[in-house]
Amino acid sequence: MNYRVVVLSGVMTALLGTVFGWGMGQIALRQRPSQVQVNMSQPYRTLYGRRLIWFGAIAGFVLGAGQACVLAERKKEKEAMEKAESEEDYS
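Residue 82 in the numbering used here sits at position 27 of the sequence shown, with consecutive numbering throughout.
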């Protein structure tokens with residue numbers, strides 16, 4: 056397994072997750088007159104937005120690294136099966 060690919064994939068999806076979390080934080084904190092929302096103090100609003108950003112980044116890293124690991128494992132299994140099939144053909 057190539058750990059550089061796993062880390063790079065995790066970092067790239069963490070960046071996408073960060074953007075997604077930031078966007079969700081902006082949407083969640085937007086005041087709309089048609090919805091009933093409790094007014095939050097400014098420090099809590101900042102903490103709430105940062106929490107969503109961190110959640111997006113961590114979720115993105117875990118999903119990206121996991122996907123890279125699964126793809127690497129599938130490739131490894133495919134190569135092992137092809138090797139076993141080629142050995143059976145020569146037997």
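Where a beta carbon is used, it is the ideal one built from N, C-alpha and C, also for glycine. For clarity, every value in this text was computed on a predicted model and none was experimentally measured.
- Of the other Cβ atoms in all chains shown, 16 or more fall within 10 Å of the Cβ of threonine 73; this residue is therefore buried.
- Here methionine 56 carries a coil assignment [DSSP, helix/strand/coil].
- DSSP places arginine 106 in the helix class (H, G or I) of the three-state scheme.
- DSSP, read as helix, strand or coil, puts arginine 85 in coil.
- Comparing C-alpha distances from glycine 76 to each of Gly65, Tyr99, Arg106 shows the shortest one belongs to Arg106.
- Look at serine 141 here: in three-state DSSP terms it is helix.
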